[in-house]
Amino acid sequence: MKNSSMWSKPFYYVIVFAVATISLYPIFLMFLSSFKTSAEIFKDPLGLPTKFTLDTYRTLMSKIPFDQYFMNSVIVSVTSVVLVVVFCSLAAYYIARFKFSWNNAIFFLFLLGMMIPIKLGIVPLFILMRDLGLINSLWSLIFMNIATGTPLTMLILTGFFKTMPMELEEAARMDGAGNLRVLWSVLLPLMRPALGTVVIVNFISAWNDFFFPLIFITEKAKMTIPVGMLSLFGEHSADWGSLFAGLTLASLPMMILFFIASKQFMEGLTAGAVK
Amino acid sequence: MMTTVQTASKKKGRKIGKSWTIHLFPIPALIIYGLFVLYPILAALSYSFYSFNGFSRESFVGFDNFVTLFTTEPYGSMFVNAFKHNILYFALQMVAMNGLAFILAFIIYKKVKGAEFFKIAFFLPRLLSVIVVGFLWKLILNPNFGTLNMLLGKLGLEELQRAWLGDPNTALISIILVNCWFGLGFGVLIFLAGFQSIPGELIEAAKLDGAKGMTMLRKIYLPLMVPSIMIMTVLTFIQSFEAFELVYAMQGSMGEPYYSTDTLAVFFYRLAFGSSTSGSSDALGVGSALAAVLFLFILICTMIFLKFTNKKEVEM
Chain P
2 MKNSSMWSKP
12 FYYVIVFAVA
22 TISLYPIFLM
32 FLSSFKTSAE
42 IFKDPLGLPT
52 KFTLDTYRTL
62 MSKIPFDQYF
72 MNSVIVSVTS
82 VVLVVVFCSL
92 AAYYIARFKF
102 SWNNAIFFLF
112 LLGMMIPIKL
122 GIVPLFILMR
132 DLGLINSLWS
142 LIFMNIATGT
152 PLTMLILTGF
162 FKTMPMELEE
172 AARMDGAGNL
182 RVLWSVLLPL
192 MRPALGTVVI
202 VNFISAWNDF
212 FFPLIFITEK
222 AKMTIPVGML
232 SLFGEHSADW
242 GSLFAGLTLA
252 SLPMMILFFI
262 ASKQFMEGLT
272 AGAVK
Chain D
12 MMTTVQTASK
22 KKGRKIGKSW
32 TIHLFPIPAL
42 IIYGLFVLYP
52 ILAALSYSFY
62 SFNGFSRESF
72 VGFDNFVTLF
82 TTEPYGSMFV
92 NAFKHNILYF
102 ALQMVAMNGL
112 AFILAFIIYK
122 KVKGAEFFKI
132 AFFLPRLLSV
142 IVVGFLWKLI
152 LNPNFGTLNM
162 LLGKLGLEEL
172 QRAWLGDPNT
182 ALISIILVNC
192 WFGLGFGVLI
202 FLAGFQSIPG
212 ELIEAAKLDG
222 AKGMTMLRKI
232 YLPLMVPSIM
242 IMTVLTFIQS
252 FEAFELVYAM
262 QGSMGEPYYS
272 TDTLAVFFYR
282 LAFGSSTSGS
292 SDALGVGSAL
302 AAVLFLFILI
312 CTMIFLKFTN
322 KKEVEM
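Protein chains in written order, with my numbering: chain P, 2 to 276; chain D, 12 to 327.
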């Protein structure tokens, strides 16, 4: 046993280092190239920037209203996350803490959503959004994020609610607390880990969503960052320096959040599958 | 006196607990989920039986749209062409992404130093928006100024340089490999969770029996990893047959060059939201038929996978 592990260890390291390099290098290249002029990139794509400037970022801002896209992305993501967590907490509380005969059926209905390729419903969705007057409204995106985030959020929250002892709320009820009070001041404070997970999962998919804004948003002023990238690449494809700057800016918020809470991110994104 | 107050408040609490207002709690989630997930997918199925004029639904036509989809050109050959690409998408991801992820997870499980760093490194691409991934790699794979060809040149491998996305022979494979780059870390985490849930006593017992190396892998690890392998298979399957964003970002809605990177979802997008392919006003009916076929195909295959998983678990 000793021998085989001594032989295999260096081999293991070669593999993980090689793959880690392939995983990280393109991202590193993206950051690096965003500080280079297009001429520098074309001449020496692998080299370091000759001098550190933020010119590419200034050019980018003058070409596209990135701050507007950024605000739209923030509004859509934050509103979606808050609402999906509130709505699903209420629903999961109902399913997990009460024993109505239809609760299992409702739960199953929610879980079904994890198997539905919702993109295939885009034609009815487009007609629905048009009839609701939500084309070119950020609400179209918010509703889609809530709806598509619901199945996994329900799975995680219902599971967590079920692990909490009933005595907790009985004590509060003795003191005359109603359902909302019990949920808000007794159960939710104890659910921080699960809430953290669902916030992260929903935030990532809302922030990165590209398909629905592609269909529902055509006005520049209402675009989120991913569709904004589409118009950047469509209209200014020659200036590679600012293209890299755009990609970097689009990714930066998620990267920063990830380094603050990498553990929760990795647990969150795999939560639905590991269960 | 005290007891009366207590019973009163207890009764009040019970009453609130059982009050009808509790039934309002699941309503917001049900309405939004029902309206924007359940309704559209069911409507999409029903739309496939109607003829369309632009975005307005006209009359019930039975299976006509399905017949058109499979027997009328260019729809018929486009369907077959895209379907083959989806299958390659799935197969290549199973081997290149999940195969590698399995090996990497095993190595991390065997405790290399810096396991946390490697997990983060593999996972990092997963944080990018798919559109960012597509555009970033489009720049890297650019034939003239892209990093990959430049790198190959520096290594003296000029004969390997090519227009990765411009050549029909390499375009689709390049896109699928980019997708592997994106999804690898997720697979590693799922497989790692699988390895870590194997009870330690089982491994110890097998070792005492003298099992090692490949025997260990075949007799102990693989059978116990079946649930994680199945989960990744199902997720990869659904994602492969839904593949849209990366192709759209890198090769446009026509699956350039010459539909060599076309997938069913991209074909569907073309039918629904127009381009030179659709043109005709009945495209939406045919598109809905395509959506229905693809939806049922994904659903049935997923059910079969899941059934297979359950059976396997029982056998163990």
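We put the CB at the ideal spot given by N, CA and C, even for glycine.
Three or more beta-carbon pairs drawn from the segment 97 to 106 of chain D and the segment 182 to 194 of chain D are found closer than 8 Å, and the two stretches are therefore classed as touching. Look at the segment 307 to 321 of chain D: the residues with a C-beta under 7 Å from a C-beta of chain P are 309, 310, 313.
Burial check for residue 262/D: the Cβ neighbour count within 10 Å reaches 16 or more, so the residue is buried. Taken in chain order, the whole alpha helix (DSSP H) runs of length 4 or more contained in the segment 28 to 112 of chain D are 38 to 44, 50 to 58, 75 to 82, 86 to 103. For residue 148/D, the number of other beta carbons within 10 angstroms of its own is at least 16, and it is reported as buried. Under the three-state reduction of DSSP, residue 164/P is assigned to coil, being neither helix nor strand.
For residue 24/P, the nearest CB of chain D lies under 9 Å from its own CB, placing it at the interface with that chain. Beta-carbon to beta-carbon, residue 253/D and residue 118/P are separated by about 5 Å, close enough to satisfy the 8 Å threshold. For residue 45/P, no alpha helix (DSSP H) encloses it, and the DSSP letter there is neither H nor E. Only those residues of the segment 143 to 168 of chain P whose C-beta falls short of 8 Å from the nearest C-beta of chain D are listed: 144, 145, 147, 148, 149, 151, 152, 155.
The contact set of residue 66/D on chain P, defined by CB atoms closer than 9 Å, consists of 124, 127, 128, 131 in chain order. Proximity of residue 134/D to chain P, defined by a Cβ-Cβ separation below 9 Å, is satisfied. Taking a 10 Å sphere around the C-beta of residue 186/P, we find fewer than 16 other C-beta atoms and assign the residue as exposed.
Annotated as proximal: residue 141/D and residue 260/D, with beta-carbon spacing under 9 Å.
Across the set 85/D, 205/D, 112/D, the C-alpha of 85/D shows the shortest separation from the C-alpha of residue 281/D. Here residue 64/D is exposed: its Cβ has fewer than 16 other Cβ atoms, across all protein chains shown, within 10 Å.
Using a CB distance below 9 Å, the part of the segment 221 to 233 of chain D facing chain P consists of 223, 224, ordered along the chain. For residue 241/P, the uninterrupted alpha helix (DSSP H) segment begins and ends at 241 to 261. Contact check between the segment 214 to 224 of chain P and the segment 13 to 32 of chain P: fewer than three CB pairs, one atom from each, fall below 8 Å, which does not count as touching. No Cβ-Cβ contact shorter than 9 Å links residue 60/P with residue 48/D.
Between the segment 171 to 183 of chain P and the segment 238 to 246 of chain P, the count of Cβ pairs shorter than 8 Å is below three; the stretches do not touch.
Residue 34/P and residue 103/P have their C-alpha atoms some 56 Å from each other.
Distance between residue 189/D and residue 256/D, taken at the CA atoms: about 12 Å. Inclusion of residue 39/D and residue 91/P in the CB contact set at 9 Å is warranted, their separation being smaller than that value. Within 10 angstroms of the beta-carbon of residue 248/D lie 16 or more other beta-carbons, which makes it buried. Within its own chain, the residues whose Cβ lies closer than 7 Å to the Cβ of residue 165/P, once the five positions on either side in sequence are excluded, are 188, 191, listed in chain order.
Taking C-alpha positions only, residue 199/P is separated from residue 44/D by approximately 16 Å. Residues of the same chain with a CB within less than 8 Å of the CB of residue 244/P, apart from the 5 flanking positions on each side, are 233, 234, 237, 238 in chain order. Collapsing the DSSP output to three states places residue 223/D in coil. Rounded to whole angstroms, the Cβ separation of residue 179/D and residue 269/D is 6 Å, and the two are in contact under 8 Å. When secondary structure is reduced to three states using DSSP, residue 173/D falls in the coil class, being assigned neither helix nor strand. Cβ-Cβ separation between residue 138/D and residue 205/P: approximately 7 Å, consistent with a contact (criterion under 8 Å). Contact annotation: residue 130/D and residue 198/D have beta-carbon atoms that are not nearer than 9 Å. Nearest Cα to residue 234/D within the set 66/D, 320/D, 304/D, 128/D: 320/D. The segment 306 to 318 of chain D makes contact with the segment 225 to 245 of chain D: 3 or more CB pairs, one atom from each, lie closer than 8 Å.
Within its own chain, the residues whose Cβ lies closer than 6 Å to the Cβ of residue 77/D, once the five positions on either side in sequence are excluded, are 300, listed in chain order.
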